[in-house]
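Asks: Let me give you the structure first, and then I'll get to my questions.
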Amino acid sequence: MSADEQGQVLALLAVFALHNLEEITHLSRELEELPAWARRRGPWTDTSSFAVATGLLTGAVSAASFAGVRSGGLRRAVLLGGPSAALVGNAASHMGRALVQGRYNGGLVSSPLMALLAGRVFAAGTRSISPFARRRTFIAGNLAALPLIVGALGAGRVLTHIYTSYLFPNRKRSDKHGNRDRQR
73 MSADEQGQVL ALLAVFALHN LEEITHLSRE LEELPAWARR RGPWTDTSSF
123 AVATGLLTGA VSAASFAGVR SGGLRRAVLL GGPSAALVGN AASHMGRALV
173 QGRYNGGLVS SPLMALLAGR VFAAGTRSIS PFARRRTFIA GNLAALPLIV
223 GALGAGRVLT HIYTSYLFPN RKRSDKHGNR DRQR
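And the structure:
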């Protein structure tokens, strides 16, 4: 992979990190619009666990991408193409959601640039495989993203619970209205 392509991968990962930060900072507004049952039962119950989850996903995408940069052939296509395809799908979902809902959603501002960079990285990473294999890689990357996202959200929730409940059992917590109470 050329230095220019490596730069594109680094730029994509930087934009992905900014995209995740945009999602995190707007999560509380997004949660308010969910039905009460979804707020209580979903793996996205609070900003802290969501931030941990996005950190885990950013780390996984970065690790796969860096491994793909150092690989060749099909392995490179899977390690670079799969995550970059999923990022194209993520960006498209933000833009599509904004069109359907007619309003901003967390992640929308960074989505066009992320889609452009992810598309370029996908093209560079899958250049050595057939068009049929390229399509399959794109589809597989997007299909694999869903269970990975759900798993990361669950892991974020568990890790945040461990952090707040076991490492700092006497730590005071705030509810959504800013009222402080001792954790039980």
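Note that my numbering gives residue 224 to position 152 of the sequence shown, counting from 1, and the numbers run on in steps of one. Even glycine gets a Cβ: it sits at the ideal position worked out from N, Cα and C.
(1) For P155, which residues from the same chain have a beta carbon less than 7 angstroms from its beta carbon, with the 5 sequence-adjacent residues on both sides left out?
(2) Return helix, strand or coil for E104, following the three-state DSSP convention.
(3) Roughly how many angstroms separate the alpha carbons of R206 and A170, rounded to a whole number?
(4) Give a yes or no on whether the C-beta atoms belonging to S200 and G145 are separated by under 9 angstroms.
(5) Quick test of your reading: T119 and N92, contact by CB under 8 angstroms. State the CB separation rounded to the nearest angstrom.
(6) At the level of alpha carbons, what is the spacing between V181 and H98?
(7) Our contact map puts G164 next to A187 with C-beta atoms below 8 angstroms; I'd like the distance itself, whole angstroms only.
(8) Please report how far the alpha carbon of G228 lies from the alpha carbon of N162, in whole angstroms.
Replies: Looking at the coordinates:
(1) Closer than 7 angstroms at the Cβ level, and outside the excluded window around P155, lie V133, A136, S137 and G213.
(2) Assigned with DSSP and collapsed to three states, E104 falls in helix.
(3) 28 angstroms
(4) When the beta-carbon positions are compared, S200 and G145 come within less than 9 angstroms of each other.
(5) Incorrect: roughly 12 angstroms between the Cβ atoms, too far for contact.
(6) 12 angstroms
(7) What sits at residue 164 in the sequence shown is Ala, not Gly. Right, their Cβ atoms sit about 6 angstroms apart.
(8) Our two residues, G228 and N162, have alpha carbons roughly 19 angstroms apart in a direct line.
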